[in-house]
């Protein structure tokens with residue numbers, strides 16, 4: 229299935245885009261196997277192809293009124309965020325430069341990197357699962373749902389997260405501490421992630 233591009237005649241291969249989304253989800257689901265430094269570097273690399281391709285997707289005009297089934301449960305969401313929060317420790321919170329809900333506010337808003345990355349994971353995982361149902365109607369409505377939530381929600385979170393990760397990677401030494409110190413932060417954190425938590429990252433049926 230191809231999706232017409234907004235700015236180019238060449239169609240966007242939806243299968244390649246779905247793979248990009250799957251790659252990000254698999255990365256989040258394998259956090260326990262990676263060092264903290266590699267986690268942030270790989271997350272940033274995984275996010276940019278998704279953001280770039282989202283701008284080439286045209287929103288389908290027809291919706292077949294499928295219920296927007298949510299595959300990622302609240303418990304699974306909380307476990308993913310818990311693992312990310314363990315990695316980031318006290319550096320999870322950052323000041324958001326622009327708050328879309330308060331565009332004229334001069335005050336900065338605190339945001340959470342673990343929350344941003346988990347929100348992105350949730351929307352992409354739901355999209356992939358819904359799209360992989362295989363029917364034209366399900367794929368069509370999955371794209372509509374993803375485009376709508378990208379514009380209003382997780383697209384901004386992606387940019388904020390990438391900006392904060394960029395600071396970790398390139399601004400050293402600084403108040404951020406740099407990527408090299410993250411493994412020490414994770415080692416010092418008392419939060420433990422057990423096998424049951426990790427099993428929850430993959431919804432039933434996969």
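Numbering (my numbering), first residue to last: 229 to 434.
C-beta atoms are modelled at their ideal positions from N, C-alpha and C, and glycine is treated no differently.
Since we're looking at a predicted model, the values are computed, not measured.
Length of the line joining the Cα atoms of residue i and residue j
i, j, result
"residue 354", "residue 386", "16 Å"
"residue 397", "residue 376", "31 Å"
"residue 285", "residue 240", "7 Å"
"residue 270", "residue 255", "8 Å"
"residue 281", "residue 378", "12 Å"
"residue 246", "residue 317", "31 Å"
"residue 283", "residue 356", "18 Å"
Integer Cβ distance of residue i from residue j, believed to fall under 8 Å
i, j, result
"residue 342", "residue 309", "5 Å"
"residue 370", "residue 382", "So it is not a contact: roughly 14 Å between Cβ atoms."
"residue 260", "residue 274", "Their Cβ separation, rounded to whole angstroms, is 17 Å, which puts residue 260 and residue 274 out of contact at 8 Å."
"residue 368", "residue 288", "5 Å"
8 Å Cβ cutoff met for residue i and residue j
i, j, result
"residue 445", "residue 277", "With the chain running from 229 to 434 in the structure shown, residue 445 is simply not present."
"residue 322", "residue 279", "no"
"residue 320", "residue 340", "yes"
"residue 390", "residue 272", "yes"
Buried/exposed call for residue i, threshold 16 Cβ in 10 Å
i, result
"residue 360", "exposed"
"residue 373", "buried"
"residue 338", "exposed"
"residue 314", "buried"
"residue 293", "exposed"
Does the structure place the region 301 to 308 close enough to the region 342 to 357 that three or more beta carbon pairs sit under 8 Å? yes
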